[in-house]
Amino acid sequence: MASYRTWSFGPVNFTTLLPEFVENSAESQERTMVHNLIPVRLGETETGWTIDADVPGVDPASISMEFFQNRLTIAYQRPAPESRSQYDNRTYGEFNRVIKLAEEVQVDAINAKVEHGTLSISLPKSVANQPRRIVVNAN
Numbered sequence: 009m010a011s012y013r014t015w016s017f018g019p020v021n022f023t024t025l026l027p028e029f030v031e032n033s034a035e036s037q038e039r040t041m042v043h044n045l046i047p048v049r050l051g052e053t054e055t056g057w058t059i060d061a062d063v064p065g066v067d068p069a070s071i072s073m074e075f076f077q078n079r080l081t082i083a084y085q086r087p088a089p090e091s092r093s094q095y096d097n098r099t100y101g102e103f104n105r106v107i108k109l110a111e112e113v114q115v116d117a118i119n120a121k122v123e124h125g126t127l128s129i130s131l132p133k134s135v136a137n138q139p140r141r142i143v144v145n146a147n
């Protein structure tokens with residue numbers, strides 16, 4: 009059985025401890041951009057690929073997806089709340105992920121849906137790239 013540890017924070021001065029929480033410099037913005045990759049799980053079958061991307065609390069209408077030159081681009085924004093809190097471990101800003109596929113995809117048959125904070129994408133392989141059974145006939 010896995011054990012989990014919880015942490016509690018007392019009054020902390022985040023201005024001196026974690027300056028990226030309060031400063032708005034280019035360096036702090038660059039540090040936060042590294043964390044803004046959308047976590048994904050990629051699976052492949054004989055007929056296509058499946059991608060599950062984490063999009064918790066994101067309105068499905070605000071998710072942008074594009075498929076071009078065998079690259080699937082997923083992007084969305086999570087704006088920071090206007091009220092400041094003493095401690096916030098969430099990540100805000102622009103999130104994106106580009107996934108390059110090695111084989112052709114049937115672009116017209118790509119399907120995506122959001123359920124329980126997970127974006128599920130189905131990308132069927134091109135018919136030319138799917139395995140075919142060849143029947144051998146006897147004379």
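Residue numbers for the sequence shown, in our numbering: 9 to 147.
C-beta atoms are modelled at their ideal positions from N, C-alpha and C, and glycine is treated no differently.
| Query | Result |
| --- | --- |
| Quick one: complete alpha helix (DSSP H) runs, 4+ long, within the stretch 41 to 105? | none |
| Could you tell me the distance, in whole angstroms, from the CA atom of Val106 to the CA atom of Asp96? | 27 Å |
| Just to confirm my understanding: we take Ser134, look at its own chain, exclude 5 residues before and 5 after, and list those with CB closer than 6 Å. What are they? | Glu112 and Gln114 |
| Give me the DSSP bridge partner(s) of Ile107. | Leu80 |
| Pull up the distance between the alpha-carbon of Ala69 and that of Val144, whole angstroms please. | 50 Å |
| Between the C-alpha atoms of Gln77 and Glu102, what's the straight-line distance to the nearest angstrom? | 23 Å |
| Look at Ile46 and Asp62 and say whether their C-beta atoms are less than 8 Å apart. | yes |
| Met73 and Ile59 - do their beta-carbons sit closer together than 8 Å? | no |
| So what does DSSP say about Thr126, is it helix, strand or coil? | strand |
| Taking the alpha carbon of Ala110 as the point to measure from, which residue in Asn44, Glu52 and Val48 has its own alpha carbon closest? | Glu52 |
| Less than 8 Å separating the beta-carbons of Lys108 and Arg141? | no |
| Would Tyr84 be called buried (16 or more neighbouring beta carbons within 10 Å of its own) or exposed? | buried |
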